[in-house]
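See structure below.
Residue numbers (this note's numbering), protein chains in the order written: chain A, 20 to 393; chain B, 20 to 393.
Shown next, in the form of structure tokens:
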């Protein structure tokens, strides 16, 4: 996306010059550069990742986050390994290592499996080159997939605009924007396409505690793109839907089970309940790479990552003089529980927006989709 | 409640010595002292309020909050006025002024009406003395009412404890604790009584954005009382209920309509939806002073206060060296919407816990209750 007149993506491949002399004695080759999302919206800073180990840390500690982006970054992590040691054992070990960085998003495992499948079928001498090419292909596929998701969902917004005057009000939770992907975003793709087409669209941005991805990332993205938006507490969506201020909800997802249950940032389930109670359409933008057909039941089968309570008890923001400062919100001695995701039952989902079109969140529809596309 | 070995209440009457010489030339008399709840959980500091105008500011700016406490503090505000000028006009003007401090909680109007009714029937010369006595009576009634609410709700917790091993898990939203009342709290009253009786009880404390009353006030209260608790994001309750980790929800309220619809801190409605979806009992602790029988329909009739977006875009916490620091969370230029309350439809409420017992959230049950008690 364009930021300050420049095309920007949350990750890109950069050449590592001879001058950068690497710890392992190798010189040259490629590295990846990512936006350190922990510093947004206050600072836009890049970090260079030179090894699978650095990629692991960047994923685990959420310098990068968002299921599609995690998948792409992990693929490059395997490419970074392949340019050092591309043996079967080294690749398998690295893939296993990287897959443990975050437990919930299936794209991580999906991208690593795709990389391994290609690399194991490639002669050892070619693996480094092929690994970079395949990671590039995963990244470019993600861009195409997200563009297609936006194209398929755009008519949902157009239908609202055709029905009545005033901006189309979309509520979203967390960040399923371009910062969560390689470009476009998933949930935001139709919003950006609608805005580009001149449609009046306004986004209710859930703050998204505890990591505030809505307040810090989605609000920043939309602001940079000039899309009208309002940050709200995660508590507010029900009230807004009850009073007709939301035309539709669109969220992303981290894993969708074969029955259509969708795992996404904690609190998504509550918004889906409110949408259902107020007859507001609730859509999940789902690249098929996020679909886990091996998992029959999402509510009972998807492992939910528990993260440090400190993400809840402390928060970092910008003080009056522009420094980033961490402050404590809770009393000393109060425990905090921090589940990163919840699962929205398929019955509450109006439709899954995939790169192939919008499908029902049901076993039958997903089986048909995957059979037709395989 | 006991805090650090001392009995503490969020407001008390204090004598104003001759030495304090007042701006209006009067000396002596009484003032009220309140806990400045904006500084909790980091600092426990008192503020003295000497006039109705100071009471107005303390209510509007939420030095004190919670429907029952607002009512009691407003009553004392009228007493402060009565000791200066107790004429019909002065009392009427002051009551109208104070009632505008916060629009949603009905206790404010209720307490002011009760004070006026008594004072207008009192000879002018006696009004100051009677005003203090009536405000004291309102405060002491609140203590008795909350004690009774806890007594009536205690069997709900006992039934869970009798059914299975392990602590009884109660989820609460916002702060309906003793800090929101004169003592005991409403939603917390059964919890404190259960804890005092030796029952194992554990409280899931919703952080309660944007003002964090759960993370700052409820967590502090429970910690001071030694009640096991865990602070969670407002987003987390649905996940916990979906997986059987919540035995019952108990929340407070700011106004209940004649049809049983309950207005409470924003986000309550979302928790009620999750409770309903997972067959978790959802109770609203309601002193009958919070019941507005003149309002037929809560969802459509209760005015919802909109507060400054700054409560969402900025947050105050304690930095590493113990200072209270305000930091900005959102990007410059992003708007924020801040509705303080939402309304939970009666159909989602298992029961209203009143000082007279637990009643159905329905027009019929509330009419019977008020007829029998009037």
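Cβ atoms here follow ideal geometry from the backbone N, Cα and C, with glycine treated the same way.
List, in order along the chain, the chain B residues whose C-beta lies closer than 8 Å to that of residue 257 of chain A? What residue 257 of chain A touches in chain B: 286, 288, 289, 292 and 361.
Check whether the Cβ of residue 196 of chain A lies closer than 8 Å to any Cβ atom in chain B. Closer than 8 Å: no.
Rounded to whole angstroms, what's the CA-CA distance from residue 61 of chain B to residue 61 of chain A? Just pull it up for me. When rounded, the separation of the alpha-carbon atoms in residue 61 of chain B and residue 61 of chain A is 26 Å.
CB contact below 8 Å: residue 336 of chain A versus chain B: It does; some Cβ of chain B falls within 8 Å.
Go ahead and label residue 146 of chain B buried or exposed: buried means 16 or more other beta carbons lie within 10 angstroms of its beta carbon, across all protein chains shown. It is buried - the Cβ of residue 146 of chain B has at least 16 other Cβ atoms within 10 Å.
Could you check where the beta strand (DSSP E) with residue 267 of chain B kicks off and where it finishes? From DSSP, the beta strand (DSSP E) with residue 267 of chain B extends over 267-270.
Looking only at its chain, what residues have a beta carbon closer than 7 Å to the beta carbon of residue 124 of chain B, apart from the 5 residues adjacent to it on each side? So the qualifying residues of the chain are 86, 89, 273 and 274.
Taking Cβ positions only, does residue 276 of chain B come closer than 8 Å to chain A? Residue contact check for residue 276 of chain B against chain A: no CB pair falls below 8 Å.
Could I get the ranges of all uninterrupted beta strand (DSSP E) runs contained in the segment 146-234 of chain A, with 3 residues as the minimum, in chain order? The qualifying runs are 187-191 and 220-225.
Give me the chain B residues within the contact set of residue 393 of chain A, using Cβ-Cβ distance strictly less than 9 Å, ordered along the chain. Using a Cβ-Cβ cut-off of 9 Å, residue 393 of chain A is close to nothing in chain B; its nearest Cβ partner there is about 32 Å away.
Alpha carbon to alpha carbon, how far is residue 82 of chain A from residue 286 of chain B? Give it in angstroms, no decimals. One C-alpha to the other measures close to 30 Å.
Please name the residues in the segment 257-271 of chain B whose beta-carbon is closer than 7 Å to at least one beta-carbon of chain A, in chain order. Cβ proximity to chain A below 7 Å picks out 257, 258 and 261 from the segment 257-271 of chain B.
Rounding to the nearest angstrom, what Cα-Cα distance links residue 219 of chain B and residue 246 of chain B in this structure? Cα-Cα distance, rounded: 9 Å.
So who's on the other strand from residue 302 of chain A, going by DSSP bridges? Per DSSP, A/269 and A/370.
Under a CB-based cut-off of 8 Å, is residue 89 of chain A close to chain B? Judged by the 8 Å Cβ criterion, residue 89 of chain A is not in contact with chain B.
Using the beta-carbon of each residue, which ones in chain B are nearer than 7 Å to residue 347 of chain A? Chain B residues near residue 347 of chain A: 336 and 337.
As assigned by DSSP and simplified to three states, the class of residue 237 of chain A: Look at residue 237 of chain A here: in three-state DSSP terms it is helix.
At a Cβ threshold of 8 Å, is residue 122 of chain A touching chain B? When Cβ-Cβ separations below 8 Å define contact, residue 122 of chain A makes no contact with chain B.
Starting from the beta carbon of residue 253 of chain A, find every residue of chain D whose beta carbon is closer than 9 Å, and list them in chain order. No chain D is part of this structure, whose protein chains are labelled A and B.
Check each candidate in A/250, A/229 and A/221 and name the one with the smallest Cα separation from residue 184 of chain A. Of the listed residues, the one whose Cα sits closest to residue 184 of chain A is A/221.
Residues of chain A with CB under 8 Å from residue 323 of chain B, in chain order? What residue 323 of chain B touches in chain A: 258.
Since residue 207 of chain B meets chain A, which of its residues come closer than 8 Å, beta carbon to beta carbon? Per Cβ cutoff of 8 Å: no residues; residue 207 of chain B is ~15 Å from chain A at best.
Anticipated Cβ contact below 8 Å, residue 348 of chain A with residue 332 of chain A, distance rounded: With a Cβ gap of about 6 Å, residue 348 of chain A and residue 332 of chain A count as contacting.
Assuming residue 254 of chain B contacts residue 270 of chain B under a Cβ cut-off of 8 Å, what Cβ separation, rounded to an integer in Å, is found between them? No, residue 254 of chain B and residue 270 of chain B are not in contact; Cβ-Cβ is about 17 Å, not under 8 Å.
Based on the DSSP secondary-structure assignment, which residues constitute the bridge partners of residue 274 of chain A? Answer is A/282, bridged to residue 274 of chain A.
May I have the straight-line CA-CA distance separating residue 97 of chain A from residue 360 of chain A, to the nearest angstrom? If I take the Cα positions, the gap works out to 26 Å.
Considering only the beta carbon of each residue, do residue 93 of chain B and residue 76 of chain B sit closer than 8 Å? Not closer than 8 Å, so no.
Could you spell out where the beta strand (DSSP E) holding residue 295 of chain B opens and where it closes? In this chain, residue 295 of chain B is not harboured by any beta strand (DSSP E); it is covered by the alpha helix (DSSP H) spanning 287-296.
Determine the direct distance from the alpha carbon of residue 362 of chain B to that of residue 263 of chain A, and round the result to whole angstroms. Roughly 14 Å separates the two Cα atoms.
So, helix, strand or coil for residue 321 of chain A, using DSSP? In the three-state reduction of the DSSP assignment, residue 321 of chain A falls in the coil class.
Is it buried or exposed for residue 386 of chain B, if we count other Cβ within 10 angstroms and need 16 for buried? The residue is exposed, with fewer than 16 neighbouring Cβ atoms inside 10 Å.
In this structure, what does DSSP give as the bridge partners for residue 395 of chain A? There is simply no residue 395 of chain A to check, as chain A begins at 20 and stops at 393 in what is shown.
In chain order, each alpha helix (DSSP H) run of at least 4 residues that lies wholly inside the segment 92-139 of chain B: Listed in chain order, the alpha helix (DSSP H) elements of length 4 or more contained wholly in the segment 92-139 of chain B are 107-118 and 125-139.
Give me the Cβ distance between residue 291 of chain B and residue 195 of chain B, rounded to the nearest whole Å; I'm assuming they're in contact under 8 Å. Contact check for residue 291 of chain B and residue 195 of chain B: beta-carbon distance about 14 Å, past the 8 Å limit, so the pair fails to qualify.
Flag residue 231 of chain A as yes if its beta-carbon sits less than 8 Å from any beta-carbon of chain B, otherwise no. So, interface residue.
Would you say residue 22 of chain B and residue 49 of chain B are within 8 Å of each other, going by their C-beta atoms? The answer is no: Cβ separation not under 8 Å.
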